[in-house]
Each structure stands twice: as structure tokens, then as C-alpha cells.
Amino acid sequence: MPMLGFVNPSHIQAHGCSTSGSTTLIGSTVSAGIWTHIAVTYGAFNGLRLWINGGQFATSSAVYNYSVVDLPVTMTISSYFASSDSCSLSNIMTGQYFGLVDEFQLFSRELSSTDALSFANPLT
């Protein structure tokens, strides 16, 4: 499952492992105090994609086949879970995230570009 974090206090990064190795996508600068919508999607055909404010910012062509097993999967939010496996070895900053997370959502399918845009710009 891809990881999302900061490589420094203002640059977002998505990192994931696939059947073809690990992939890192560096996002744009994220300013403190300004609401920013960030999404990460991955799939067998579209690879890993990083969306910022509804627009596709970065993509990789790595093939992602995440297979569900009958074992629990750990998900960590707002803190980097350091591990020694090769997938978690990235330059994402370690430690707790000090900021706000609003409307976290996890989907059982890859989001489309239409989905990413509509979540970033909801109707009021």
C-alpha cells in the first residue's frame, strides 16, 4: 500500500512498492495554512499517481497488483511507521505529523481523474 508523507516541511511525497520495484513521486510545495487536497491512487494499469487539488501532479508506470490476504494490514495516519523492509525505506520524514487532516477516505478501487477532481472541488 503506498505511503504519503513529507520529504521536508513543505514537499509532499508518495512512495510505494510494486511488482517492478519501489516508486517515489515528489509533489509540489504545500503551504502551511492553505487547504490543499491530496490524493494517491494506484492500480494495475495506471500505476502510482499523485493528485494535488484535483489535478494529476505526478505518475509512474510501475504495475501495482495489491493482493488481499486474510491477514490484518497496518495503516498509520499522521505518523510515519518506520520499518526495515525495503518498501518503507524512503526519504519521507519520520515522526509525528503536526497539522490538520480533514475528511480522510480510503476506497476499495482506484479513483478516476473525475473522482479526484470532484473530491478536491466538492459542490457547496
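Here the sequence shown is numbered in the UniProt record's numbering, starting from 1 and rising by one per residue.
Think of the CB as a built atom: it goes at the ideal place given N, C-alpha and C, for glycine as much as any other residue.
All values derive from a computational prediction rather than experimental measurement.
Ser-113 (DSSP reduced to helix, strand or coil): The sequence position of residue 113 within the sequence shown is 113, counting from 1. Reduced to three states, the DSSP call for Ser-113 is helix.
Terminal residues of the beta strand (DSSP E) in which Ser-22 lies: In the sequence shown, counting from the first residue as 1, residue 22 sits at position 22. Note, Ser-22: beta strand (DSSP E), 21-29.
Buried/exposed call for Thr-41, threshold 16 Cβ in 10 Å: By 1-based counting over the sequence shown, the position of residue 41 is 41. By the 10 Å Cβ count, Thr-41 comes out buried.
For Ile-12, count the other beta carbons within 10 Å of its own beta carbon; 16 or more makes it buried, fewer makes it exposed. Which is it? Mapped onto the sequence shown, residue 12 falls at position 12. It counts as buried.
Val-7 to Met-93 span [Cα, whole Å]: By one-based count along the sequence shown, residue 7 stands at place 7. By one-based count along the sequence shown, residue 93 stands at place 93. Between Val-7 and Met-93, the C-alpha separation is close to 5 angstroms.
In this structure, does DSSP put Phe-119 in helix, strand or coil? Walking along the sequence shown from the start, residue 119 turns up at place 119. Three-state DSSP puts Phe-119 in a helix.
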